[in-house]
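Residue numbers (this note's numbering), protein chains in the order written: chain A, -7 to 299; chain B, -7 to 299.
Backbone N, C-alpha and C fix where the C-beta goes; we use that ideal spot for every residue, glycine too.
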C-alpha cells in the first residue's frame, strides 16, 4: 500500500537562537555565540541567529550584530536573521547576515496587534526590505504568521494565505515559511493549505513549514506535510520558546525530535543527532529550566538504554 | 490528492487509572473511584480501571476490587482490568470486570525481564485466562508489548509480532492491542506492522494501538495508523504514566491530545473534550505534579484565548 511516500532528504532550520531565546530572559551575547557555534557543528545548514529589532522591545535580541561578528562561520551554513523593517534590513546586511526573514500575518487582527500595522503596510515594508537586500545579493524569506489559524480570528482560509503569498512573491520575496504561530494547525488544515498552494501552481521547493507543538500536533502535522513533498521544517533546539497565548504550553517543535523523526522516515537531515542532544542538554543549564524536548531525554529509539 | 483517508469514527480507550497510576505513589481508593467516575462522564466508552496483580509488586493497584465495586457504572462504558494470570482472572471476573487484558511481549528478553517467564509460558497462561473468562462470557484482549521495538533487543520484526498474534488468536484471544511499550515506534515501523497484518489477512477491526510519546512521535504514529484504517487507540488522561527506561521522559499519549487530534481528523470520538480537560487538571492536583498533556494547557485550537 503506497500511501506514504516521503522525500529522500530534508532541511531542518534551527530557530532557537532567535525565536526560542526572544521570549526568555536575556542571556549573555557570549552564550548566544556559543549556542550558534555549537549548533553549526551538528550539521544544521540554516540557523536563525537573532533579529534586528528595537532592544527596548525585545531585550533578549540586543547585540545580534555582535553575535554575527563573533561566531565561527562554518562553510555551508546559512546564518539568518529576522528584520522588522528597512532599518533592520540595513543593519542586518551590514552585519553580514546570509539571509533575511520578514514576518507578516495572514490575519489582519494578528498583524495589527503583533506588528502595529495593516497587512498592506507590512507588504509595502517587505517590498522595501527586499529591494535593499537585493542590492547586497541577500535573499529574503517571508514568514506568513497565522497561516493555520489566528488566536483572534479563529480558522484562516487557505485561499487568503495563498493570496498573500502571491502578493509577497510579486514584492520580490523568493522563499516562504508558513507558520503555525500559535499551534492551531491539525493534519487536515496542513493538507488544505498545501493542496491550495499546489492548485495555485505553487512550487513546493520554496515552501517551508514553521510548526508549533502547542496542542501536541507538531510532528503529526510534519508527517502529513512530508507525505505531500514538503522537506523544509523549522525547529528549535530543545523545543525552546513558549506560546504567548497559552501560558505553560510549549511552542516550537524540538529540533532533536524533528531530526529523529525525519531521519526515521528516510528524509536524511545530515544532522548528528547525538551532538545535537548534547547542545540541548547544555542549553538547559544556560536557561535554568527543563526544556520540552523528548528525544533529548529518552535518546533516539536505536540507542538501547539497557544494552 | 486523496492521500489521506481517515475513518469517520474512533474509540479512545482510557488507560490512566491503571497504566498511568501504576507507576505513581499509591493514591486513595476513593480518589481512584472518583477518577474513573469522572472519566466515565466524558463520553469515553472504555476505561482501564486497574489490575489484579500482587499488591506487594504494584502497591498502587491494591484495592482494584473495591474500585470496581464502588464506581458508578455508566451504560455503554466497558470497565476493563489487567490480569497477570489465572488467579487474577478469577478475582477480576468475580469483581465484575467487563473485559480482561493480558500482556505478553514479542521480545523474549523483555518478557523474561518484565513477566519472569518465557513467551511460551505466557501464551499458555493466557490460554487458561481466556478459558476462565469465557465461562463468564468476559472477552479477553491481548496486549503485545514491544511490538515496535524492545529496549533490550532493539528493532522487532513485524513478522514475529504477527506470528505471536496468530498464536494468541488460536488460544482464544479475540482483540489485540499492539503496544509501543517504550516509545520506539516511528511512522514507518507502524505502517510496516499494519501492512504485515493486512498481508496476513488480519481484520483491522480487532486492532488497537497503544502508543507512547517518549520520543515525541506518538501522534505522528497515530495519524499514519489512522490513514490505514486503525480507529482504536489507548491514551492516558493528562499523559499520566512515565517510561521506566527513560527517566524524565513521557510515556502514554495524553487522552485530551488524542481526542483533540482524532476529532480534528473527522474521526468522531464522542468525548466531551472540555469535560476531559477538567478531569486532567483535577488529576494534577491529586498527583501533585504537572502532567505532560498539551491540550489540557492550551485548550483546543477552536477555543480562542483572546475572544
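Taking each of 124(B), 178(B), 119(B) and 182(B) in turn and checking the Cα distance to residue 161(B), the smallest one comes out for 119(B). Within 8 Å of the CB of residue 246(B), the CB atoms of chain A belong to 208, in sequence order along the chain.
Residue 219(A) counts as buried, since at least 16 other C-beta atoms from the protein chains shown sit within 10 angstroms of its C-beta. In the same chain as residue 192(B), and ignoring 5 residues on each side of it, the C-beta atoms closer than 8 Å to its own belong to 154 and 158, in chain order. Of all residues in the stretch 179 to 190 of chain B, the ones placed with a Cβ closer than 9 Å to any Cβ belonging to chain A are 179, 180, 181, 183, 186, 187 and 190, in chain order. In this structure, residue -1(A) keeps its C-beta atom at 9 Å or more from the C-beta atom of residue 31(A).
For residue 117(B), the nearest beta carbon of chain A is not closer than 9 Å to its own beta carbon.
With 16 or more other CB atoms across the displayed protein chains lying within 10 angstroms of its CB, residue 137(A) is buried. Counting only Cβ-Cβ distances below 9 Å, residue 196(A) has no contacts in chain B at all, with the closest Cβ about 12 Å away.
The beta carbon of residue 3(B) is closer than 7 Å to those of 37, 38, 223 and 224 in its chain, skipping five residues each way along the sequence. In this structure, the CA atom of residue 105(B) is about 10 Å from the CA atom of residue 97(B).
With the rule of 3 Cβ pairs closer than 8 Å, the stretch 10 to 30 of chain B does not count as touching the stretch 287 to 294 of chain A.
Annotation: residue 114(A) to residue 70(A) spans about 25 Å, alpha carbon to alpha carbon.
Between residue 267(B) and residue 34(B) the beta-carbon gap is near 5 Å, inside 8 Å, which marks them as a contact. Flagged as an interface residue toward chain A: residue 249(B), by a C-beta distance shorter than 9 Å. Considering only 131(B), 107(B), 126(B) and 103(B), the residue with the shortest C-alpha distance to residue 145(B) is 103(B). Counting only runs of 4+ residues, the alpha helix (DSSP H) found wholly inside the stretch 24 to 69 of chain A occupies 56 to 62, in chain order. Taking a cut-off of 8 Å on C-beta distances, the stretch 43 to 54 of chain A does not touch the stretch 274 to 288 of chain A, as fewer than three cross pairs fall below it. Rounded to the nearest whole angstrom, the C-alpha separation of residue 127(B) and residue 42(B) is 22 Å. Residue 151(B) has a beta carbon lying at 9 Å or more from every beta carbon in chain A. Taking each of 58(B), 167(B), 141(B) and 199(B) in turn and checking the Cα distance to residue 86(B), the smallest one comes out for 58(B). Judged by DSSP secondary structure, residue 83(A) falls within the alpha helix (DSSP H) whose first and last residues are 78 to 86. The continuous alpha helix (DSSP H) containing residue 190(B) extends over residues 179 to 191. According to the DSSP assignment, residue 163(B) belongs to no beta strand (DSSP E), since it is labelled neither H nor E. Residue 204(A): not part of any beta strand (DSSP E); DSSP gives it neither H nor E. Within 9 Å of the CB of residue 252(B), the CB atoms of chain A belong to 178, 207, 208 and 209, in sequence order along the chain. Listed in chain order, the positions of the stretch 125 to 156 of chain A with a beta carbon within less than 9 Å of a beta carbon of chain B are 140, 141, 142, 143, 144, 145, 146 and 147. For secondary structure counted as the beta strand (DSSP E) over 3 or more consecutive residues, the stretch 102 to 166 of chain B holds these complete runs in sequence order: 132 to 137. With at least 16 other beta carbons inside 10 angstroms of its own, residue 247(A) counts as buried. Cβ-Cβ separation between residue 249(B) and residue 286(B): approximately 5 Å, consistent with a contact (criterion under 8 Å). If you check the CB distance, residue 252(A) and residue 208(B) come in under 9 Å.
For residue 165(A) and residue 91(A), the gap between their C-alpha atoms comes out near 12 Å.
For residue 224(B), the enclosing beta strand (DSSP E) covers residues 224 to 227. Close partners of residue 287(A) in chain B (Cβ separation under 7 Å): 207 and 208. Per DSSP, reduced to three states, the secondary structure at residue 10(B) is helical. Between the C-alpha atoms of residue 65(A) and residue 233(B) there is a straight-line separation of about 44 Å.
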